[in-house]
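Undergrad:
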Amino acid sequence: MTSETLQKARDYEGPYPGNAPSPRPCYHLTPRIGWMNDPNGFSYYKGQYHLFYQYHPYSTQWGPMHWGHAVSPDLLHWTYLPCALAPDQPYDEAGCFSGSAIELPDGRHLLMYTGVRREMQPNGSTKDVQTQCIAIGDGLDYEKLDCNPVLDEKDLPEGGSRYDFRDPKLWQEADGTYRCVVGNRAADGSGSLPVYRSEDAIHWQLETVLDRCYNEFGKMWECPDVFPLDGKTVVLVSPQDMNPVGLEFHNGNGTLCLIGERDPDTGAFQREDLQAIDYGLDFYAPQTILSPDGRRIMVAWMQNWDTCVVQHPGRCWFGQICTPRELSVQDGRLMQQPIRELETLRGRRVYHSALVSDEVVLPGVSGRVVDMTVTLRPGQPDAYQMFRIKVAYDSTHYTMITYKPRTSVLRVDRGHSGFNRDFIHERKCLVRSQGGAIQLRILLDRCSVEVFVNGGEQALSTVLTTPFSADGISFEAIGGQVMMELEKYDLTLDG
Ligand code: FRU
C-alpha cells in the first residue's frame with residue numbers, strides 16, 4: 004500500500020521527468036528533483052541496474068530522507084522511477100537513511116535501510132535512534148515489513164551506540180546464507196563494524212565485529228561495504244571527522260579502503276593495509292555491486308558535506324553520483340577505472356602527439372563532456388618542473404590540474420571555477436613517480452572533473468560550478484618541455 008507520505012513525494016516529483024527544466028550532467032546521475040546524497044540499494048535486478056539514493060525531493064537541502072530511484076541498462080543512461088521509500092512509519096518517521104538491496108531466491112527485491120526515529124530525552128531535547136528495517140518489492144513498489152525493525156539496540160555489540168547504528172550493506176555468501184555489515188559507534192565513540200548473519204535476510208544475529216576504528220582514522224565509520232576482490236577482502240568505509248595525515252584524508256568526511264583477509268568460518272577480518280579511496284574534493288559514501296559479468300563496480304556521492312552550502316542559484320537539483328568505477332586490487336592497491344561502458348558514449352576522436360612548453364590550445368581539444376587521456380613522456384627526469392592542464396576554461400574561469408615531477412605531487416585546484424566562496428578549493432596527492440612520466444585520464448561532465456592517475460592507481464573527483472560555456476582546455480609545461488600524447492573523445496548519450 005502506498006502511504007500518504009510516499010504518494011505526496013511521488014506526486015511532487017511526477018512532473019520532473021529528468022533533464023528539464025535545469026541543465027544537468029550528461030551521464031552522471033542527479034536527483035530527479037531536489038536533494039541527493041548517498042547512493043543506496045545499488046543492485047542488478049530483473050535485467051537492469053537499480054540505483055536508489057538519499058533523497059529530499061522538496062528542496063535542494065538535506066531533509067527528511069526518502070529513497071529516490073533510477074534504473075539503467077549500462078549505469079550511464081538513467082531513467083527515473085517513482086520515489087521508493089518515504090519516512091512514513093513510527094520507526095522511520097525521521098528518515099529512511101542509507102542501505103542496500105539484494106534479490107531474494109523467490110525473485111523479490113529486498114531493500115534494507117536505516118529507520119530513524121526521534122526520541123525525547125529527559126531534559127526535553129530529542130535524539131535520533133537508528134534501527135535497521137526492510138522493505139520488499141518488485142523493482143517499483145516496496146512494502147515495509149510488519150516485523151520492522153529487524154535489527155535494533157538489543158542486537159548491538161556490547162557498548163554499541165543506538166544513536167549511531169546505520170547504513171546496512173547486505174550480501175549473500177556462497178553457501179546461500181546472508182550477511183550484513185552496519186556502521187556503529189563503540190563505547191569509546193569511534194567507529195565499529197558489526198556483521199550480522201541470516202538464513203533468510205530477514206532474521207539476523209550478530210556474528211562478529213569486523214573491524215574497529217579506535218579513534219584512529221576518524222570517528223564514526225559510515226556506509227560500510229565488504230566484498231572479496233582479487234584474492235583479498237576489501238572493506239570500504241566513510242569515516243567522519245578524519246584528521247589529515249600528510250596529503251591524505253583532507254576531506255574531514257573521508258573514505259577509506261581496508262584491505263585484508265576474512266576468515267570464511269568465523270567472519271573475522273585481519274586488516275593488512277589502509278588507503279584513501281579518492282583524493283578529490285568531492286567523494287563520499289561509496290557502495291559497490293557485483294555486475295552480472297563479474298566486475299566489482301563502485302559508485303559514490305560526488306560531493307563533500309562541508310561544501311553543500313555552495314548551491315547553484317536557479318537549479319532544481321543538488322548532488323550527483325560519480326562515474327561508476329571498476330575496482331581491482333593490484334600489488335596491494337585498490338585500483339579504479341571508469342566502467343568500460345563509458346567507451347560506448349565516445350564520439351569523435353582527436354589525437355595529438357606534441358612537444359609542450361608554453362601554454363597551448365590544440366585543435367579539436369575543448370569541451371565539457373569529454374573523456375581525455377594525457378600521457379607525458381619526458382626524455383629525461385628533469386625535462387620540466389611543472390605540467391599544467393586547464394579545463395573548463397574561459398576568460399574568467401579555469402580549473403587546474405598540475406603535476407610536479409620533482410615532488411610527484413598532483414593537484415586539482417578549482418579556485419577559479421566559479422565557486423563564489425573561496426574555501427576548500429584544492430586537493431593534492433602523491434602519485435607514483437616514473438621520472439616525470441605520468442598518465443592522466445580526465446573525465447569532464449559539465450558539473451565535475453574526475454582524474455584517474457596511471458591506470459587507476461589514484462582518483463580525484465571534484466564538482467565544478469563553472470558556466471557550461473567555459474569549455475577551453477590548455478596545456479603548459481613550466482621550466483622545460485615535455486612530450487605529450489593526447490587522446491580525446493567527446494561523450495554523448497546518443498552514442
Ligand atoms: C552519509 C550519511 C549516512 C546516512 C545518510 C543520511 O552521508 O550520513 O550515514 O545514512 O547520510 O542521509
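Using the numbering used here, read the sequence shown as starting at 4 and increasing by one per residue.
All C-beta atoms, glycine included, are put in the ideal place defined by N, C-alpha and C.
Bear in mind the structure is a predicted one, so any value in this text is a computation, not a measurement.
Please report the residue range of the beta strand (DSSP E) in which tyrosine 287 lies.
TA: If you number the sequence shown from 1, residue 287 lands on position 284. It spans 287-293 - the beta strand (DSSP E) in which tyrosine 287 sits, taken as one unbroken run.
Undergrad: CB of phenylalanine 100 to nearest heavy atom of ligand 1: below 7 Å?
TA: Position 97 of the sequence shown holds residue 100. Yes - ligand 1 has a heavy atom lying nearer than 7 Å to the Cβ of phenylalanine 100.
Undergrad: If you measure from the CB of cysteine 432, is any heavy atom of ligand 1 nearer than 7 Å?
TA: Taking the first residue of the sequence shown as position 1, residue 432 is located at position 429. No, the beta carbon of cysteine 432 sits no closer than 7 Å to any heavy atom of ligand 1.
Undergrad: What do you reckon, are the CB atoms on threonine 134 and proline 160 nearer than 8 Å?
TA: Translated into the one-based positions of the sequence shown, residue 134 becomes position 131. Translated into the one-based positions of the sequence shown, residue 160 becomes position 157. In this structure, proline 160 does not lie closer than 8 Å to threonine 134 by Cβ.
Undergrad: Mind checking which residues open and close the beta strand (DSSP E) that includes tyrosine 387?
TA: Taking the sequence shown and counting its residues from 1, the one referred to as residue 387 is at position 384. No beta strand (DSSP E) contains tyrosine 387, which DSSP labels as neither H nor E.
Undergrad: Going by DSSP, what residues sit across from arginine 274 in a beta bridge?
TA: On the sequence shown, residue 274 is found 271 positions in, with the first residue counted as 1. DSSP, once it has assigned bridges, lists Gly263 as partnering arginine 274.
Undergrad: Below 8 Å, how does it come out for the segment 184-194 and the segment 162-169: are there three or more Cβ pairs, yes or no?
TA: yes
Undergrad: Assuming the contact rule is C-beta atoms closer than 8 Å, glutamine 340 and glycine 458 should be a hit. Round their C-beta distance to whole Å, please.
TA: Locating residue 340 in the sequence shown gives position 337, where the first residue counts as 1. Locating residue 458 in the sequence shown gives position 455, where the first residue counts as 1. So it is a contact: roughly 7 Å between Cβ atoms.
Undergrad: What's the call for proline 108, buried or exposed, on a 16-neighbour Cβ count within 10 Å?
TA: Taking the sequence shown and counting its residues from 1, the one referred to as residue 108 is at position 105. Classification for proline 108: exposed.
Undergrad: Whole angstroms are fine: how far does the CA of isoleucine 476 sit from the CA of valine 368?
TA: Here residue 368 refers to the residue found at position 365 of the sequence shown. Here residue 476 refers to the residue found at position 473 of the sequence shown. In a straight line, the C-alpha of valine 368 is about 6 Å away from that of isoleucine 476.
Undergrad: Is threonine 468 near ligand 1, in the sense that its beta carbon is under 7 Å from a heavy atom of that ligand?
TA: By 1-based counting over the sequence shown, the position of residue 468 is 465. No, the Cβ of threonine 468 stays beyond 7 Å of every heavy atom of ligand 1.
Undergrad: Which residue wins for smallest C-alpha separation from histidine 253, given the options Asp228, Asp268, Phe220, Phe272?
TA: Position 250 of the sequence shown, counted from the start, is the residue given in the question as residue 253. When only C-alpha atoms are compared, the closest one is Phe220.
Undergrad: With distances taken from CA atoms, which of Asp41, Ser75, Thr82, His72 is nearest tryptophan 65?
TA: For this step, residue 65 is matched to residue 62 along the sequence shown. Tryptophan 65 has its Cα closest to that of Asp41, out of Asp41, Ser75, Thr82, His72.
Undergrad: Going by Cα to Cα distance, which pick from Ser472, Thr63, Ala288 is closest to cysteine 311?
TA: Mapped onto the sequence shown, residue 311 falls at position 308. Nearest of Ser472, Thr63, Ala288 to cysteine 311, Cα basis: Thr63.
Undergrad: Which of the three DSSP states is assigned to glutamine 1 in this structure?
TA: Beyond the ends of the chain as shown, which are 4 and 498, falls residue 1; an answer cannot be given.
Undergrad: Tell whether a beta-carbon distance below 8 Å holds between glycine 192 and histidine 53.
TA: As a position in the sequence shown, residue 192 is number 189, starting the count at 1. As a position in the sequence shown, residue 53 is number 50, starting the count at 1. In this structure, histidine 53 does not lie closer than 8 Å to glycine 192 by Cβ.
Undergrad: Compare the Cα-Cα distances from methionine 338 to each of Asp281, Pro366, Phe390 and report the closest residue.
TA: What you label residue 338 is simply residue 335 of the sequence shown in a count that begins at 1. The shortest C-alpha separation from methionine 338 is found at Asp281.
Undergrad: Between the C-alpha atoms of tyrosine 15 and glutamate 7, what's the straight-line distance to the nearest angstrom?
TA: Locating residue 15 in the sequence shown gives position 12, where the first residue counts as 1. Locating residue 7 in the sequence shown gives position 4, where the first residue counts as 1. Rounded to whole angstroms, tyrosine 15 to glutamate 7 spans 12 Å at the Cα level.
Undergrad: What are the complete beta strand (DSSP E) segments, minimum 3 residues, inside the segment 121-204?
TA: 129-140, 145-147, 168-175, 181-188, 194-201
Undergrad: What residues in its chain sit with their C-beta under 7 Å from that of proline 509, if we drop five residues either side in the sequence?
TA: Within the shown structure, residues of the chain are numbered from 4 to 498, placing residue 509 beyond reach of any answer.
Undergrad: Using 8 Å as the Cβ pair cut-off and three pairs as the minimum, do the segment 319-337 and the segment 293-300 touch?
TA: yes
Undergrad: Which of the three DSSP states is assigned to glutamine 10 in this structure?
TA: As a first step, residue 10 must be located in the sequence shown, where it is residue number 7. Three-state result, glutamine 10: helix.
Undergrad: Give the secondary structure of aspartate 41 by DSSP, where H, G and I count as helix, E and B as strand, and everything else as coil.
TA: As a working mapping, residue 41 is identified with position 38 in the sequence shown. Reduced to three states, the DSSP call for aspartate 41 is strand.
Undergrad: Using a Cβ-Cβ cut-off of 6 Å (strictly less than) and excluding sequence neighbours within five positions of threonine 376, which residues of its own chain qualify?
TA: On the sequence shown, residue 376 is found 373 positions in, with the first residue counted as 1. The answer, listed in chain order, is Arg444, Glu490.
Undergrad: Mind checking whether the beta-carbon of alanine 288 lies closer than 7 Å to any heavy atom of ligand 1?
TA: In the sequence shown, counting from the first residue as 1, residue 288 sits at position 285. True, at least one ligand heavy atom lies under 7 Å from that Cβ.
Undergrad: Could you tell me how far apart the beta carbons of proline 67 and alanine 97 are, in whole angstroms, since I believe they sit closer than 8 Å?
TA: As a working mapping, residue 67 is identified with position 64 in the sequence shown. As a working mapping, residue 97 is identified with position 94 in the sequence shown. At roughly 7 Å, the Cβ-Cβ gap stays under 8 Å, so proline 67 and alanine 97 are in contact.
Undergrad: Whole angstroms is fine: what's the gap from isoleucine 139's alpha carbon to phenylalanine 100's?
TA: Sequence index remark: in the sequence shown, residue 139 carries index 136 (1-based). Sequence index remark: in the sequence shown, residue 100 carries index 97 (1-based). Cα to Cα, the separation comes out at about 16 Å.
Undergrad: Give the DSSP-derived three-state secondary structure of glutamate 346 in the structure shown.
TA: Residue numbering aside, residue 346 sits at position 343 when the sequence shown is read from its first letter. Glutamate 346 falls in the helix class under three-state DSSP.
Undergrad: If you run the structure through DSSP and keep just helix, strand and coil, what is threonine 465?
TA: Looking up residue 465 in the sequence shown gives position 462. Three-state DSSP puts threonine 465 in a strand.
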